[in-house]
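Enquirer: Residue numbers (our numbering): 92 to 209.
Questions regarding the structure given below will be posed in turn.
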């Protein structure tokens, strides 16, 4: 009897600029980390959802950049656990909301300080 333990797999979509598609696919295959399937046309519903996620990620990036202006030294945190794409997405949304509130509070505090100084 032969027993095999299946590998943990995840279905992901990678958005790559057209001029970097071949380079990205070659690198993924070189690393033997993924089975790459090129999708010709993405269904409209999936496309909207992906674009929404990309927009949310860009907003998180902007918020983080704005918050970093208030922080003297950034800290690198190593994550030593496997995170599924679903967990990452949930954490991204949670982080987005928290960071948006932090930025709003920081801006409000800055305005209050300016008012008190004048």
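A virtual CB, placed ideally from N, CA and C, is assigned to each residue, including glycine.
Computed from a predicted model, the values in this text were never measured in an experiment.
1) If you check the beta carbons only, do residue 263 and residue 106 fall under 8 Å apart?
2) What residue range does the alpha helix (DSSP H) around residue 101 cover?
3) Which of helix, strand or coil does DSSP assign to residue 108?
4) Figure out for me which residue from 188, 206 and 125 has the closest Cα to the Cα of residue 148.
5) Assuming contact is defined by CB atoms lying nearer than 8 Å, are residue 101 and residue 166 in contact in what I supplied?
6) Thinking just about the alpha-carbon of each residue, which of 186, 117, 103 and 115 is nearest to the one in residue 152?
7) Just to confirm before moving on: does the CB-CB distance between residue 157 and residue 200 stay below 8 Å?
8) Starting from residue 196, trace the alpha helix (DSSP H) in both directions and tell me its first and last residue.
9) In three-state DSSP terms, what is residue 171?
10) Is the beta carbon of residue 191 less than 8 Å from the beta carbon of residue 155?
11) Let me know the secondary structure DSSP gives residue 92 once reduced to three states.
Expert: Reading it off the structure:
1) A query on residue 263 cannot be resolved here, the shown segment of the chain reaching from 92 to 209 and no further.
2) Numbered from its first residue, the chain shown carries residue 101 at position 10. From DSSP, residue 101 is part of no alpha helix (DSSP H); its letter is neither H nor E.
3) For the purposes of this step, residue 108 is taken as the residue at position 17 of the chain shown. Coil at residue 108, not helix or strand.
4) Mapped onto the chain shown, residue 148 falls at position 57. Of the listed residues, the one whose Cα sits closest to residue 148 is 188.
5) The residue you call residue 101 lines up with position 10 of the chain shown. The residue you call residue 166 lines up with position 75 of the chain shown. No; because the gap between Cβ atoms is not below 8 Å, this pair is not in contact.
6) On the chain shown, residue 152 is found 61 positions in, with the first residue counted as 1. Ranking 186, 117, 103 and 115 by Cα distance to residue 152 puts 186 first.
7) Counted from its first residue, the chain shown places residue 157 at position 66. Counted from its first residue, the chain shown places residue 200 at position 109. No, the Cβ-Cβ distance between residue 157 and residue 200 is not below 8 Å.
8) Looking up residue 196 in the chain shown gives position 105. Unbroken alpha helix (DSSP H) run through residue 196: 176 to 208.
9) Along the chain shown, one-based indexing puts residue 171 at 80. In the structure shown, residue 171 sits in coil (DSSP, three-state: anything other than H, G, I, E or B).
10) Against the chain shown, residue 191 aligns to sequence position 100. Against the chain shown, residue 155 aligns to sequence position 64. Not in contact: residue 191 and residue 155 (Cβ atoms no closer than 8 Å).
11) For the purposes of this step, residue 92 is taken as residue 1 along the chain shown, with counting starting at 1. In this predicted model, residue 92 has a pLDDT of only 46, less than 50, meaning its place in the structure is not dependable; the value taken from the coordinates is given anyway. In this structure, residue 92 counts as coil in the three-state DSSP scheme.
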